[in-house]
Amino acid sequence: MLLKKIREEKPLIHHITNYVVANETANFTLALGALPVMSHAKPEVEQMVSLARALLLNIGTLDEYQVESMIIAGKKANELNIPIILDPVGVGATDYRTETARRILRELKVDIIRGNQGEISILAGYHAKVAGVEAVSASERMEDAVKELAFKHNCVVCATGKIDIVSDGKRLAKVFNGHPMLGTVTGTGCMASTINAIFASVSEDLFKASVEAQAAFGIIGELAQKKSGNNPGSFHQAIYDVAYNLTDEIVEKMKKVEIL
Amino acid sequence: MLLKKIREEKPLIHHITNYVVANETANFTLALGALPVMSHAKPEVEQMVSLARALLLNIGTLDEYQVESMIIAGKKANELNIPIILDPVGVGATDYRTETARRILRELKVDIIRGNQGEISILAGYHAKVAGVEAVSASERMEDAVKELAFKHNCVVCATGKIDIVSDGKRLAKVFNGHPMLGTVTGTGCMASTINAIFASVSEDLFKASVEAQAAFGIIGELAQKKSGNNPGSFHQAIYDVAYNLTDEIVEKMKKVEIL
Amino acid sequence: MLLKKIREEKPLIHHITNYVVANETANFTLALGALPVMSHAKPEVEQMVSLARALLLNIGTLDEYQVESMIIAGKKANELNIPIILDPVGVGATDYRTETARRILRELKVDIIRGNQGEISILAGYHAKVAGVEAVSASERMEDAVKELAFKHNCVVCATGKIDIVSDGKRLAKVFNGHPMLGTVTGTGCMASTINAIFASVSEDLFKASVEAQAAFGIIGELAQKKSGNNPGSFHQAIYDVAYNLTDEIVEKMKKVEIL
Numbered sequence: 010m011l012l013k014k015i016r017e018e019k020p021l022i023h024h025i026t027n028y029v030v031a032n033e034t035a036n037f038t039l040a041l042g043a044l045p046v047m048s049h050a051k052p053e054v055e056q057m058v059s060l061a062r063a064l065l066l067n068i069g070t071l072d073e074y075q076v077e078s079m080i081i082a083g084k085k086a087n088e089l090n091i092p093i094i095l096d097p098v099g100v101g102a103t104d105y106r107t108e109t110a111r112r113i114l115r116e117l118k119v120d121i122i123r124g125n126q127g128e129i130s131i132l133a134g135y136h137a138k139v140a141g142v143e144a145v146s147a148s149e150r151m152e153d154a155v156k157e158l159a160f161k162h163n164c165v166v167c168a169t170g171k172i173d174i175v176s177d178g179k180r181l182a183k184v185f186n187g188h189p190m191l192g193t194v195t196g197t198g199c200m201a202s203t204i205n206a207i208f209a210s211v212s213e214d215l216f217k218a219s220v221e222a223q224a225a226f227g228i229i230g231e232l233a234q235k236k237s238g239n240n241p242g243s244f245h246q247a248i249y250d251v252a253y254n255l256t257d258e259i260v261e262k263m264k265k266v267e268i269l
Numbered sequence: 010m011l012l013k014k015i016r017e018e019k020p021l022i023h024h025i026t027n028y029v030v031a032n033e034t035a036n037f038t039l040a041l042g043a044l045p046v047m048s049h050a051k052p053e054v055e056q057m058v059s060l061a062r063a064l065l066l067n068i069g070t071l072d073e074y075q076v077e078s079m080i081i082a083g084k085k086a087n088e089l090n091i092p093i094i095l096d097p098v099g100v101g102a103t104d105y106r107t108e109t110a111r112r113i114l115r116e117l118k119v120d121i122i123r124g125n126q127g128e129i130s131i132l133a134g135y136h137a138k139v140a141g142v143e144a145v146s147a148s149e150r151m152e153d154a155v156k157e158l159a160f161k162h163n164c165v166v167c168a169t170g171k172i173d174i175v176s177d178g179k180r181l182a183k184v185f186n187g188h189p190m191l192g193t194v195t196g197t198g199c200m201a202s203t204i205n206a207i208f209a210s211v212s213e214d215l216f217k218a219s220v221e222a223q224a225a226f227g228i229i230g231e232l233a234q235k236k237s238g239n240n241p242g243s244f245h246q247a248i249y250d251v252a253y254n255l256t257d258e259i260v261e262k263m264k265k266v267e268i269l
Numbered sequence: 010m011l012l013k014k015i016r017e018e019k020p021l022i023h024h025i026t027n028y029v030v031a032n033e034t035a036n037f038t039l040a041l042g043a044l045p046v047m048s049h050a051k052p053e054v055e056q057m058v059s060l061a062r063a064l065l066l067n068i069g070t071l072d073e074y075q076v077e078s079m080i081i082a083g084k085k086a087n088e089l090n091i092p093i094i095l096d097p098v099g100v101g102a103t104d105y106r107t108e109t110a111r112r113i114l115r116e117l118k119v120d121i122i123r124g125n126q127g128e129i130s131i132l133a134g135y136h137a138k139v140a141g142v143e144a145v146s147a148s149e150r151m152e153d154a155v156k157e158l159a160f161k162h163n164c165v166v167c168a169t170g171k172i173d174i175v176s177d178g179k180r181l182a183k184v185f186n187g188h189p190m191l192g193t194v195t196g197t198g199c200m201a202s203t204i205n206a207i208f209a210s211v212s213e214d215l216f217k218a219s220v221e222a223q224a225a226f227g228i229i230g231e232l233a234q235k236k237s238g239n240n241p242g243s244f245h246q247a248i249y250d251v252a253y254n255l256t257d258e259i260v261e262k263m264k265k266v267e268i269l
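Which chain is which? The protein sequence lines are A, B and C, in order. Quick note on numbering: the first sequence equals residues 10 to 269 in the numbering used here. Quick note on numbering: the second sequence equals residues 10 to 269 in the numbering used here. Quick note on numbering: the third sequence equals residues 10 to 269 in the numbering used here.
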């Protein structure tokens, strides 16, 4: 019943994110009933995150200034027990991204890591290939990678792909919802991180929140494709239409989740 | 007859604005028949604003560099009598935003302040609550707040909400056009500031320009909702379709304005 | 048969570009079957461009930091023989843009310059008027301007407008495809540069690649307008739908190209 709760409580989600999808993730946040704020200025991120119920750190177009802002905001979030969601965009493509993600994991207590399977493989110390921001290949032992990374950082790890794998180091879930058209629009990975942040902001059990978020996101992809066919422009627009009209009842009925 | 004039003269509108809605406000400017330019580099903002017929300063994703650019561009705009429109996004959420807006109002002669009713309440010294960039509550004495702020800064203040309130410190107008779906898409406040800037760029009387702009914007929201229903993705797209095809005749016929 | 090749090889296109159209050009890249990455951080651009098959430098919202990144990435691209595509957005509007474009052309070996006819006129040393980022007027001797600029920099120059003109300093082509609705959406010039970069990334003959790219882009505009009418929001969305479903056969059948 998380969607109902989100629409009642309208949690503020502080994004420090990339300029490619800032608009899209803000609109996706609104469509789901939460409130987005995008803010990266060092003089204000501590105060801004104090108003928020989740902090999303997305390194898609990171630079030196932004990384410092993430650390500042993250430390305040930790102090206030505001959950941090990390999207390690492009980890494995450049050392700077890999090292920055590791630094964030070292200096902050991150609550959810949501990445594609290539990025998660790399962070877990497995082999994978990431071209730019796309996973070209991932570990063949993806479930181990997810579980180990979650255990190591005492957090939830959510590795998205054809089948999403979520673990908190002990429990492990697979989410079978989704549609290949999600790969034809930029920022759908970032939207997955956003919905993880939103669901986390109103939950106690972040493992369950992440599983629910991924099921809901996959269902949004399925329903959007039904509305728009194989047309990425129309599909992109339909994502917001579907998200806005999604209910907990639809999610309950359509979700395909296996908890191991 | 402002839309006709805009389409004939194609005024250039210099935006120093946030990266969340830069694309959206550029497209909205084009749809209305004006020309957008987004530019924030210190080495060029003076020269860029000299080519423009209005300067829009939007602090939605402000940082130290951008604030300096705004001051530099604004001083040049003042020197050349190019109208400045300020969108104090998120004022009240953080001290940095509030202080930056106050600094801009102190160091520059601003011609129109366009904000939501929470932001305007705060700037006018009244109590309000702003969560991130959304007004949660505004002053109960909104009309006084608008009028006083306009009087103090000798400018037009346009506070948007369910009913928009516009004043130049003497005259006061209420605009009843609009649709709740405008709240489901990010950047519609920023678009309201853009249409204020465009209308101001071809007007002598900025109070009238702001009232006309808000009526036109509200009508765009009403017509877009008729085209798209309660679907924020479709609604977002319809905004540009409607804006492009909007005429002065439609505005004249549909506008609901009360001038006090 | 370039589209088929693009979809098989999925070349990574590294964009250092403006925040107004970063999302749009990323989605356009995906719709055509290539992979986009947007990255501007000095610590990573050398490594990122090493993974890419083309580097697109777009100065639409340039600043001091970004210009340095472009030079760093460009030098690495030159070293590795990765083609560089320059989009000199707004050259002629401010000295900073003109000087930056000249600096890039001096310090880097650029392979394709894709600009509007005003920008190309200025770079070639002819008279033109550029308002913000729009060509208001261009040289009356456009063909000469294109050919001379291409000859001078030993590259391909692609000047887009009602009729696109492409030259490598010896050969010259005119492309008659396109639709006026392309002028109602921001970033369609940037998309033209993106498709030039994508086609170049899988080609030996960059002159032919640029001509094919412009024909394909013009056809996308024509087909998108057929789907959406004179509605810029719907037209914008249709661009991605059409690009995703475009085939080499459609391009072959519809292209209107004259090679002189």
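Just so you know, even glycine gets a beta-carbon here, dropped at the ideal spot from N, CA and C.
Below-7 Å beta-carbon distance, residue i vs any chain A residue
| i | result |
| --- | --- |
| C/Pro-241 | no |
| C/Ala-31 | yes |
Under 9 Å by beta carbon: chain A residues contacting residue i
| i | result |
| --- | --- |
| B/Asp-104 | Pro-52, Glu-53, Gln-56 |
| B/Thr-193 | Asn-36, Leu-39, Ala-40, Tyr-249, Tyr-253 |
Under 7 Å by beta carbon: chain A residues contacting residue i
| i | result |
| --- | --- |
| B/Asp-72 | His-49, Ala-50 |
| B/Glu-143 | Leu-44 |
| C/Leu-66 | Simply none; closest approach about 16 Å. |
Helix, strand or coil at residue i according to DSSP, with G and I counted as helix
| i | result |
| --- | --- |
| A/Pro-20 | coil |
| A/Ala-252 | helix |
| A/Ile-25 | strand |
| B/Lys-271 | The structure shown has nothing for residue 271 of chain B, since chain B only spans 10 to 269. |
| A/Asn-240 | coil |
| A/Leu-132 | helix |
| A/Leu-269 | coil |
| A/Val-46 | strand |
| C/Leu-41 | coil |
| B/Ala-63 | strand |
| B/Gly-69 | coil |
| A/Glu-53 | coil |
| A/Asp-30 | Position check: residue 30 of chain A holds Val in this sequence, whereas Asp was assumed. In the structure shown, A/Val-30 sits in coil (DSSP, three-state: anything other than H, G, I, E or B). |
| B/Met-263 | helix |
Chain-ordered chain C contacts of residue i [CB-CB under 7 Å]
| i | result |
| --- | --- |
| B/Tyr-28 | Tyr-28 |
Interface flag, residue i vs chain B, CB-CB below 7 Å
| i | result |
| --- | --- |
| A/Leu-232 | no |
Short CB-CB distance (under 7 Å) between residue i and chain C
| i | result |
| --- | --- |
| A/Ala-218 | no |
| B/Leu-21 | yes |
| A/Gln-246 | yes |
Partners in chain A for residue i, counting only beta-carbon separations shorter than 8 Å
| i | result |
| --- | --- |
| B/Ala-110 | Here the premise fails: no neighbours, minimum Cβ distance about 12 Å. |
Proximal residues of chain B, C-beta to C-beta of residue i below 7 Å
| i | result |
| --- | --- |
| A/Leu-60 | Ala-102, Ala-140, Gly-141 |
| C/Gly-187 | Ordered by position in chain B, no residue passes the 7 Å Cβ test against C/Gly-187, which lies about 17 Å from the chain. |
Residue i: contacting residues in chain C (beta-carbon distance under 9 Å)
| i | result |
| --- | --- |
| A/Gly-196 | Asn-32, Ala-35, Asn-36 |
*asked:* Please list, in chain order, the residues of the segment 81-104 of chain A that have any C-beta partner in chain B closer than 7 Å.
replied: With the criterion set as a beta carbon lying under 7 Å from some beta carbon of chain B, the segment 81-104 of chain A has no members that meet it.
_At 4 residues or longer, what runs of the alpha helix (DSSP H) sit wholly inside the segment 144-226 of chain A?_
With a minimum length of 4 residues, the continuous alpha helix (DSSP H) runs that stay inside the segment 144-226 of chain A are 151-162, 197-210.
*May I have a chain-ordered list of the beta strand (DSSP E) segments no shorter than 3 residues that lie completely inside the segment 72-130 of chain A?*
93-96, 121-125
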